[in-house]
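Have a look at the structure below before the remarks.
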Amino acid sequence: MDVIDNSGSPFDGLIIIGDNGLYVGSLSDKEQAEKVSQLASLAESDDGIAEIAPKLDYIPYQDINAVKCNLKTDRIYIGYDKRDGKKSEPSVRSINCQDQAKAREILAHLKLKRPDFNEQEKEYGPVRAGIKPSLFVLISAALTWMAMLLAKEVAAGHSAEISGSHRAAKELFLWLAETLGPNGTLVVGCFITLLFVRWLVKRVKNPPQVYLLYP
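Our numbering applies: residue 4 is where the sequence shown begins, and numbers increase by one.
Spelled out as structure tokens, the structure:
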């Protein structure tokens with residue numbers, strides 16, 4: 004059992020590499036110090052971890068089907084089968100590491116726990132790196148244009164009918180258009196689109212270096 008102090012992360016301050024599974028979650032500073040002390044007294048096994056730190060999420064190694072990480076960031080994504088009794092469904096748990104060094108440390112532990120997995124590391128080119136953020140830029144720009152047209156219709160006194168599926172999302176979309184008005188909708192939409200443009204530029208200049216573990 005390895006207890007990893009990841010307290011620099013606001014979300015996943017404590018990570019435990021157990022014999023049979025991974026425990027991850029966040030505790031208060033006082034609670035974490037207490038739990039780490041208690042965990043240190045355990046034998047080299049998983050017995051007692053769940054009782055000492057019940058708030059932590061548990062992912063059995065046998066249920067993990069993929070691990071992905073951009074080595075230039077501090078976030079790890081673990082794909083696994085989340086079990087609820089006899090049922091299971093695909094799920095993804097992200098781990099927010101306090102820095103890149105901590106992310107690499109956790110990846111090394113996971114590789115040791117799943118030696119049957121293949122290991123792959125590759126760096127995207129600028130074109131491939133820009134595909135995902137480019138889609139977000141286009142979608143954001145299109146939604147901004149649609150919202151502005153809707154806001155103009157509402158401002159002109161025309162009523163908007165909501166029908167079909169995703170009614171709650173459409174009602175929220177309409178409420179924002181009514182509240183912000185045409186100009187406000189345009190300003191907010193452009194701001195959001197610019198954030199995606201910033202992400203696009205940043206990602207193209209520094210393409211992801213992807214690390215994969217898979218069966």
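Where is the CB? At the ideal position from N, CA and C, for every residue including glycine.
Item	Value
Should A180 be counted as a contact of the ligand GDP given a C-beta to heavy atom distance under 7 Å?	Within the structure as shown, the ligand GDP is missing, as the structure has no ligands at all.
Would you call V27 buried or exposed, if buried means 16 or more other Cβ atoms sit within 10 Å of its Cβ?	buried
Scan the stretch 43-103 and note each continuous beta strand (DSSP E) run of 3 residues or more that stays entirely inside, going in chain order.	60-63, 67-73, 78-87 and 90-99
For L74, I'd like the list of residues in its chain whose CB is within less than 6 Å of its CB, leaving aside the five on either flank, ordered along the chain.	Q212 and Y214
Quick check: V93 and D84, are their CB atoms within less than 8 Å of each other?	Residue identity differs from the one stated: residue 93 is Pro in this sequence, not Val. It is a contact, given that the beta carbons lie within the stated cut-off.
What did DSSP end up calling L17 once you bin it into helix, strand or coil?	strand
Pick out whichever of S12, G82, D77 and E34 has its Cα sitting closest to the Cα of L25.	G82
Can you tell me whether L177 is helix, strand or coil according to DSSP?	helix
Quick one: what's got a C-beta closer than 7 Å to A180's C-beta in the same chain, skipping five residues either side?	A150, L153, A154, V157 and T188
Output the boundary residues of the alpha helix (DSSP H) element that contains G128.	Taken as a continuous stretch (DSSP letters only), G128 belongs to no alpha helix (DSSP H), as it is neither H nor E.
Which residues does DSSP pair with L152 in a beta bridge?	Beta-bridge pairing links L152 to no other residue.
Go ahead and label K125 buried or exposed: buried means 16 or more other beta carbons lie within 10 angstroms of its beta carbon, across all protein chains shown.	exposed
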